[in-house]
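Chains as they are written, first to last, in the working numbering: chain X, 22 to 415; chain L, 22 to 415. From the three backbone atoms N, C-alpha and C, an ideal C-beta is built for every residue, glycine too. Just so it is clear, the structure is predicted and the values come from calculations on it, not from any experiment. Structure first, commentary second.
Number of protein chains: 2
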Amino acid sequence: MPASSRPHRHSARNPGSQTALRELNQQRIADTLLASGPSTQAELARQTGLSTATISNIVRIMSDAGIVETEPTTSSGRRALLVRLCNRSAVAVGIDFGRRHLRIAIATLGYDVVAEENIELPVGHRAEEGIETASNLLTKMLADNAIAHSSVLGVGVGIPGPIDRRAGRVVQGAILPEWVGIDLVELEDGLRFPVVFDNDANLGALAEVTWGPHSEIDNLVFVKVGSGIGAGLILNGRPFYGGLGITGEIGHDTITDNGVVCHCGNRGCLETVASTSVMLDLLSRSGVSRVGQIVSRAQAGDSATLRVLDDAGLAIGRALASVANLINPEVVVVGGPLAELGDLFLSSIERGLMRHAVPSVGESTRLVMSSLGERAEALGAAALVLQHQAVRHF
Amino acid sequence: MPASSRPHRHSARNPGSQTALRELNQQRIADTLLASGPSTQAELARQTGLSTATISNIVRIMSDAGIVETEPTTSSGRRALLVRLCNRSAVAVGIDFGRRHLRIAIATLGYDVVAEENIELPVGHRAEEGIETASNLLTKMLADNAIAHSSVLGVGVGIPGPIDRRAGRVVQGAILPEWVGIDLVELEDGLRFPVVFDNDANLGALAEVTWGPHSEIDNLVFVKVGSGIGAGLILNGRPFYGGLGITGEIGHDTITDNGVVCHCGNRGCLETVASTSVMLDLLSRSGVSRVGQIVSRAQAGDSATLRVLDDAGLAIGRALASVANLINPEVVVVGGPLAELGDLFLSSIERGLMRHAVPSVGESTRLVMSSLGERAEALGAAALVLQHQAVRHF
C-alpha cells in the first residue's frame, strides 16, 4: 500500500504549521534510521523524498537535541555524513535457530551490536528445548551486559523453514521438522518477550541491506546454503513475502529429473544435490563429518572436496539463473557457513549462473559472498524488531 | 519510492484547509481510477487508505460534478457501487506487436474500449514496417471513430521481447530479432504520438489486474505462451521491473540438460520445448501449420495434438513451479493464443506445477486461463498509458 494512503497523523494538532511539519520530518528521519540503520544524508534524502538541504537542517536540530549522532564517512568515493540514532535505553534482540546452533545478537537503536553469542545445539533437538536454551542464554547475556528486561523492545526470531504468515506458523518443508507447527504464541511464551519471527533466509536478506554493504540496493536476493537451501528477497527496497509468505524456496527447484526424493515430497530438488548435508554425505568416506572440515579441506586444495563444491555450486548457479531470469535483481548474496570460502565456491556458482541465465541478465547480476557470514540471520532478526518499531509509528 | 516521500503538492495554496484536503482526496480517487480502472468503493478505500465514509462522500461530489459515474454491481457476493471516470475527450491507445499480428485498442479514461482491430503481419517483417502499418491502421481507426489526434493522451506499445529500461531499448532475446535495438525515439518518430512501451507479458499482467477479473490480487503472474514464452509480474499490486527491467524470462529456464540450442544462446530452454512454434514443428507431419489448427484439433480430440500440448503443459508447469516457489503469487494466469483451450491445456500445466512446487505453495496457487485471450497485451498497453497519466499527477 502506498504511504500516501495513510491519513496525516500529525494533522490533528495544528496541521500545516511550521512546527508540525518539522516534527513530522524529524519523525520521518528517525523512522528511516530505525528501519534502515545508519544512513548517509544522501540516502536519507532518497528514502524520505526530502531535499538534501532539509535533511541537513533537520539532522542538525536532531543532533543538537541528542537524538542522532553523525560521523564523516565516504560513499561511492565521496565525502558524506553518516547519521545514526543515538543509543537510548532500548535494545532489540535477534535469535537465529539453526539445525546445530543457536546465535543471539543484541543491538541498539543505532544498530550497534552490544552482545553476540553462538552455541551448539544437538542435532534433532526439540523446538521447545531450543527455545528454552535461547531463553536461558538471553537472560544470561542481558545480565552480563547490565541490560534491564524492560529495555528489550522485542525479540526477532529466525527459523530455517517456510512460515505461513497468514497462520503465523512454521509449515511443512522446514529443515527442522521438529519446528513444523510452532507458532508465535509458543515463541512468546517460551521467550517471555514480544516476538516477531521470519524465515532465516528472509532475515539474511534484510541483514544485507541494513547491516551489510548493500544498503543502496533495491532488488537483492540472499541465498543461504546450509543443511537446507533457501532465498530471501528484497524487492523495491523492502522484504517481499508474496501471498502466504512462503517465498524463496529455491531449495526445491527441480534440478535432476527422477533424482533423490526430498523431504518436501518431490524428487531431484536443489537441496538433494547441493546442501551441506549432501556434501557431508558425499565426503563421508574421506573422513569429513563437519562443515568446518569442508572449508578447511577446500582451502588446503583437497581435490574431492573441491569437486563436491564445484558440482554443488554449478547446481546452485543454475537455480539462481531461474531466479535472475524471473526477477532480475541487481545483487545476489550467497550466505551460510560456506561463505568464508569466497571465490573457491563462488566461482562455481557464477559459472552455473552464467551458463543458464539469459545473457543480458547474467552479465548484469552482481554475485557476491556475504560479508556477514554466519552472523547474517541473527542480525537480520534484530533488524526486523527495529523495523517493526518504525512501522508502528506510521 | 513510498508516496509519503513526495512533497505536499497542494500545500502551497492553503495547506490544511478543508477545501484543499477535499481537492487532494478527489485527485487521489481520480488517479486511482485512472491507474486501476473502474473500482468499487471498497477497492478505492483499500487503495487510497481513505475511510469508506470519506470515499462515499467524495464520490458523490465527483458524481454530481460529472467527473465519475457509478453503477450498482456485486463484489465477493455483496452489493457494491462501481465507480468509473466519465468519458471525456481523451483516449489512450494500446498497440500489441506480435510475430504475425498487430492489434490496436483505443480506450477512454473510464476504461471503455471504443475501437479494437487486429491484422496479420508477414513473419519476419522489419520493425519499421510493423510500426508504419500500425501508424496507418491507427490513423484509420481514429478517423473511423471521429477521434481527433489531439485527444490521444499517448500510445502504449507492447513488444514480445526483453526491454532494458535503463537504456529504453529492446535487447537480445526478443522473439522478433528484427526488433532488437529499437528504442523509444524510433517508436515516437514512427507513430507520431508520445509513446510508453513495455514487454508484452508485463502488459498482459497489467491487463489482468486492470481490465481482467483480478483487480483485488496483489501478486499475480501472467504467462504468455506463444512463439515465445514470457511472464509478467504484478508484485504488491504493481508491475515489477527488477534492476534493468528484464524480468519474467521464464522461457529461458533450463528444462532439458543439453537440449536444443535456443536463440538466447543457451540450451534446453523452456521455449525450445513448449512454445507454439515448437508445437507446430512437432505437428508438421500431421499437416498442422497454424496455431488455430492446434486449437481446433485438440478440441476435436486429436491424440497427437493432445500429446504435444500435454508435454508442453507439463514443462510450462515445471517452470511455473520455480516461479511459485520463489515469489508465492496468489494467481497465475496463462495467456496467449492457446488460452481458449481452457482445461484441455491448463490441466497439463497444473499437473506440472503440482508435481514440482513445494506442496503448500502449489496448493495455494490459483492457476487460471486468461479471460482476455489475445486482447490482453493491447489492453494492457492502453492501461499503461492511463497509468502513466495518473503517475504524472503525483
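Given that a residue counts as buried once 16 or more other Cβ atoms are within 10 Å of its Cβ, and exposed if not, what is residue i?
{"i": "residue 143(X)", "result": "exposed"}
{"i": "residue 279(X)", "result": "exposed"}
{"i": "residue 86(L)", "result": "exposed"}
{"i": "residue 318(X)", "result": "buried"}
{"i": "residue 385(X)", "result": "buried"}
{"i": "residue 28(X)", "result": "For residue 28(X), the pLDDT reaches just 34, beneath the cut-off of 50, and the residue's location in the model is therefore unreliable, leaving the point undetermined."}
{"i": "residue 243(L)", "result": "buried"}
{"i": "residue 321(L)", "result": "exposed"}
{"i": "residue 170(L)", "result": "exposed"}
{"i": "residue 57(X)", "result": "buried"}
{"i": "residue 206(X)", "result": "exposed"}
{"i": "residue 292(L)", "result": "buried"}
{"i": "residue 391(L)", "result": "buried"}
{"i": "residue 76(L)", "result": "buried"}
{"i": "residue 23(X)", "result": "Low confidence applies here, because residue 23(X) scores a pLDDT of 32, under 50, leaving its location unreliable; read the following figure in that light. By the 10 Å Cβ count, residue 23(X) comes out buried."}
{"i": "residue 97(L)", "result": "exposed"}
{"i": "residue 93(L)", "result": "exposed"}
Just curious, the alpha helix (DSSP H) that residue i is in, first and last residue?
{"i": "residue 82(X)", "result": "73–85"}
{"i": "residue 226(X)", "result": "221–231"}
{"i": "residue 329(L)", "result": "324–348"}
{"i": "residue 206(X)", "result": "205–212"}
{"i": "residue 152(X)", "result": "148–165"}
{"i": "residue 268(L)", "result": "It is not in any alpha helix (DSSP H) - residue 268(L) carries neither H nor E in the DSSP assignment."}
{"i": "residue 62(X)", "result": "62–69"}
Which residue wins for smallest C-alpha separation from residue i, given the options the options?
{"i": "residue 245(L)", "options": "270(L), 79(L), 237(L)", "result": "270(L)"}
{"i": "residue 400(X)", "options": "96(X), 97(X), 132(X)", "result": "132(X)"}
{"i": "residue 113(L)", "options": "330(L), 301(L), 172(L)", "result": "172(L)"}
{"i": "residue 198(L)", "options": "55(L), 347(L), 65(L), 283(L)", "result": "283(L)"}
{"i": "residue 174(L)", "options": "66(L), 347(L), 42(L), 217(L)", "result": "217(L)"}
{"i": "residue 341(L)", "options": "367(L), 359(L), 328(L)", "result": "367(L)"}
{"i": "residue 88(X)", "options": "79(X), 76(X), 107(X), 97(X)", "result": "107(X)"}
{"i": "residue 208(X)", "options": "118(X), 110(X), 410(X), 369(X)", "result": "118(X)"}
{"i": "residue 105(X)", "options": "254(X), 200(X), 54(X), 161(X)", "result": "54(X)"}
{"i": "residue 236(L)", "options": "344(L), 352(L), 370(L)", "result": "352(L)"}
{"i": "residue 275(X)", "options": "52(L), 377(L), 100(L)", "result": "377(L)"}
{"i": "residue 296(X)", "options": "336(X), 70(X), 265(X), 343(X)", "result": "336(X)"}
{"i": "residue 256(L)", "options": "273(L), 238(L), 66(L), 249(L)", "result": "238(L)"}
Would you give the residue range spanned by the beta strand (DSSP E) that residue i belongs to?
{"i": "residue 96(X)", "result": "89–96"}
{"i": "residue 175(L)", "result": "173–180"}
{"i": "residue 287(X)", "result": "Looking at the DSSP string, residue 287(X) is not in any beta strand (DSSP E), and its letter there is neither H nor E."}
{"i": "residue 387(L)", "result": "387–390"}
{"i": "residue 241(X)", "result": "241–246"}
{"i": "residue 356(L)", "result": "352–356"}
Please state the DSSP three-state secondary structure of residue i.
{"i": "residue 106(L)", "result": "strand"}
{"i": "residue 20(L)", "result": "Because chain L in this structure spans residues 22 to 415, residue 20(L) falls outside the shown range and cannot be described."}
{"i": "residue 139(X)", "result": "strand"}
{"i": "residue 379(L)", "result": "coil"}
{"i": "residue 307(X)", "result": "helix"}
{"i": "residue 319(X)", "result": "helix"}
{"i": "residue 251(X)", "result": "strand"}
{"i": "residue 99(L)", "result": "strand"}
{"i": "residue 274(X)", "result": "coil"}
{"i": "residue 401(L)", "result": "helix"}
{"i": "residue 127(X)", "result": "strand"}
{"i": "residue 184(L)", "result": "strand"}
{"i": "residue 420(X)", "result": "The shown model of chain X, from 22 to 415, leaves out residue 420(X), and the question about it has no answer."}
{"i": "residue 394(X)", "result": "helix"}
{"i": "residue 120(X)", "result": "coil"}
{"i": "residue 296(L)", "result": "coil"}
{"i": "residue 236(X)", "result": "coil"}
{"i": "residue 281(X)", "result": "coil"}
Fill in: chain L contacts made by the region 247–269 of chain X, where a contact means CB separation under 9 Å
Residues of the region 247–269 of chain X with a C-beta atom less than 9 Å from some C-beta of chain L are 252, 254, 256, 257, 258, 259, 261, 262, 263, 264, 265, 266, 267, 268, 269, listed in chain order.
Item to complete: Output, in sequence order along the chain, the residues in the region 220–240 of chain L whose CB is closer than 8 Å to any CB in chain C.
Response: Absent here is chain C; the protein component of the structure consists of chains X and L.
Fill in: Members of the region 274–296 of chain L near chain X, C-beta cut-off 7 Å
Within the region 274–296 of chain L, 274, 275, 285, 286, 287 place their CB atoms closer than 7 Å to a CB of chain X, listed in sequence order.
Worksheet entry | Near-chain X residues of the region 340–366 of chain L (beta-carbon distance less than 9 Å), N- to C-terminal order | Within the region 340–366 of chain L, 340, 342, 343, 344, 345, 346, 347, 348, 349, 350, 351, 352 place their CB atoms closer than 9 Å to a CB of chain X, listed in sequence order.
Discussion item. For the region 300–320 of chain X, list every residue whose C-beta sits within 9 Å of some C-beta in chain L, in sequence order.
Written reply: Here the close residues number zero.
Worksheet item: Taking a cut of 9 Å between CB atoms, which residues from the region 82–102 of chain X lie near chain L?
Response: Cβ proximity to chain L below 9 Å picks out nothing from the region 82–102 of chain X.
Discussion item. Under 8 Å, CB to CB, which of the residues in the region 40–54 of chain X have a partner in chain L?
Written reply: Hits within the stretch, in order: 49.
Item to complete: Taking only beta carbons into account, state which residues of the region 374–397 of chain L come closer than 9 Å to chain X, listed in chain order.
Response: Answer in chain order: 376, 377, 378, 379, 380, 381, 382, 385, 386.
Discussion item. Short of 9 Å Cβ to Cβ, which residues in the region 180–207 of chain X face chain L?
Written reply: If you check each beta-carbon in the region 180–207 of chain X against every beta-carbon of chain L, the ones closer than 9 Å belong to 183, 185, 192, 193, 194.
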